[in-house]
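Numbering (my numbering), first residue to last: 448 to 768. We put the beta carbon where it would ideally sit given N, CA and C, even for glycine. What follows is a short report on a single structure.
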Amino acid sequence: MSSKGHISTIAVVGSGYMGGGIAMVFALGGYAVALADADAQTAEQARARVNGEAQALESQGLLADGSARLVRENLTAAASVELAVQGADYVTEAVPEELRLKLDILGQIAAAARPDAIIATNTSAIPIGKLAPAVTHPDRFLGVHWMNPAPFIPGVELIPGPATASPIVDIVEDLIRGVGKVPARVADTPGFVANRLQFALYKEAVRIVEEGTATPEQIDTVVSNTFGFRLALFGPFAIGDMAGLDVYESSYRTLEQAYGDRFSVPASLAATVAAGRLGLKSGRGFLDFDSAERESLLAYRATAYARLSQLRAELGSAPGL
Ligand SMILES: NC(=O)c1ccc[n+]([C@@H]2O[C@H](COP(=O)([O-])OP(=O)(O)OC[C@H]3O[C@@H](n4cnc5c(N)ncnc54)[C@H](O)[C@@H]3O)[C@@H](O)[C@H]2O)c1
Numbered sequence: 448m449s450s451k452g453h454i455s456t457i458a459v460v461g462s463g464y465m466g467g468g469i470a471m472v473f474a475l476g477g478y479a480v481a482l483a484d485a486d487a488q489t490a491e492q493a494r495a496r497v498n499g500e501a502q503a504l505e506s507q508g509l510l511a512d513g514s515a516r517l518v519r520e521n522l523t524a525a526a527s528v529e530l531a532v533q534g535a536d537y538v539t540e541a542v543p544e545e546l547r548l549k550l551d552i553l554g555q556i557a558a559a560a561r562p563d564a565i566i567a568t569n570t571s572a573i574p575i576g577k578l579a580p581a582v583t584h585p586d587r588f589l590g591v592h593w594m595n596p597a598p599f600i601p602g603v604e605l606i607p608g609p610a611t612a613s614p615i616v617d618i619v620e621d622l623i624r625g626v627g628k629v630p631a632r633v634a635d636t637p638g639f640v641a642n643r644l645q646f647a648l649y650k651e652a653v654r655i656v657e658e659g660t661a662t663p664e665q666i667d668t669v670v671s672n673t674f675g676f677r678l679a680l681f682g683p684f685a686i687g688d689m690a691g692l693d694v695y696e697s698s699y700r701t702l703e704q705a706y707g708d709r710f711s712v713p714a715s716l717a718a719t720v721a722a723g724r725l726g727l728k729s730g731r732g733f734l735d736f737d738s739a740e741r742e743s744l745l746a747y748r749a750t751a752y753a754r755l756s757q758l759r760a761e762l763g764s765a766p767g768l
């Protein structure tokens with residue numbers, strides 16, 4: 448390992464939807480990236496597909512000039528998993544989400560890679576501690592969870608497992624930040640943070656459909672034009688604090704009467720309100736607000752929402768939906 452912090456060569460094992468996108472991001476970042484799949488032909492097809500995608504995105508002005516050339520020069524297809532990983536400083540697997548398969552592939556990677564190569568998994572939900580036994584020297588193994596489509600979604604969750612060495616997490620954090628993404632360290636629990644929240648919302652949405660209260664189309668319209676619109680700019684805690692936690696608490700009381708325990712007031716929300724921490728209006732809620740910045744925050748929010756509305760109007764509605 449040397450240039451680019453500590454990493455200069457990368458292997459991506461599993462060259463499908465996620466693997467292809469992840470490989471493109473690293474190739475755009477100037478890394479030498481080898482793509483591998485179950486066989487040489489699939490890896491070669493993926494290399495050609497990723498090149499084509501980079502070319503198309505550049506032509507549409509969605510990637511900078513010269514991007515397609517960077518991907519063409521930096522991305523190669525390997526004839527096997529072993530050949531892809533043997534000289535790599537950093538390897539990520541992105542094979543299908545099946546525990547057995549992931550364990551097999553991680554074992555294969557660990558056997559062929561250098562003992563000091565960093566090994567990552569792009570699992571969506573399997574705890575890292577469950578996968579770690581497949582990797583020799585598990586101190587260099589962690590979860591690095593990208594979102595789809597990887598070239599455009601900014602956030603990447605970093606999940607240290609029980610044995611991961613903290614300098615390894617630092618190196619990967621630099622790597623991810625260096626290719627323009629926003630890394631967030633999260634604990635090793637099923638679904639991590641993003642998918643746990645995403646699946647909680649999805650389940651409630653399906654429930655509403657099952658009850659016959661709203662159709663999928665109605666729900667999508669409501670979500671993407673109301674609180675989902677805000678979520679492009681703020682997380683649930685900033686939004687809750689700006690709304691007022693007393694309002695949240697009383698809303699939960701109403702919801703609990705209708706839907707039971709799953710909507711009971713969270714204990715820490717009740718305690719926060721009882722302590723007079725109501726959010727932005729009292730200077731503190733779950734978050735701490737800098738009172739000198741209050742007006743700037745409100746002005747930022749107004750600008751951000753207005754600009755996001757303009758962008759949506761420019762884009763028009765999604766075709767085919
Ligand atoms: N699709 C998403 O939205 C998304 C988002 C985040 C994370 N993930 C995770 O990323 C991983 C990959 O998902 P995907 O959607 O890219 O799947 P995919 O099916 O598009 O790609 C998987 C690739 O792995 C290859 N593969 C299968 N067996 C292999 C083997 N033995 N050796 C090498 N390659 C093999 C397949 O040929 C395929 O190219 C999963 O763990 C998934 O949970 C997916």
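Counting C-beta pairs with one atom in each stretch, the segment 525-540 and the segment 553-570 have three or more that are closer than 8 Å, which means they touch. In this structure, the C-beta of P543 approaches ligand 1 to less than 8 Å from one of its heavy atoms. Judged by the Cβ position, M594 qualifies as a neighbour of ligand 1 at the 8 Å threshold, a heavy atom of the ligand being closer than this. According to the DSSP assignment, T750 belongs to the alpha helix (DSSP H) that extends over 741-762. In its chain, beyond the 5 residues on either side, V603, P630 have a beta carbon closer than 6 Å to the beta carbon of I623. Secondary structure at F684: helix, using DSSP grouped into helix, strand and coil. Taking the Cβ atoms as the reference, T570 lies roughly 7 Å from H592, within the contact range of under 8 Å. One thing to note: G513 has its Cβ no nearer than 9 Å to the Cβ of G625.
With respect to the 9 Å criterion, E540 and G638 are not classified as neighbours on the basis of their beta carbons. Short of 7 Å from the beta carbon of A501, and not among the five residues preceding or following it, lie these beta carbons of its own chain, in chain order: M471, L510, S514, A515, V518. With contacts defined by Cβ atoms closer than 9 Å, A487 and A458 do not form a contacting pair.
A distance criterion of 8 Å places the beta-carbon of Y464 in contact range of ligand 1, judged by its closest non-hydrogen atom. Taking C-alpha positions only, T673 is separated from G627 by approximately 29 Å.
For the options R547, A490, G687, the alpha carbon positioned closest to that of L522 is the one of A490.
Under the DSSP assignment, A721 falls in the alpha helix (DSSP H) whose first and last residues are 714-721.
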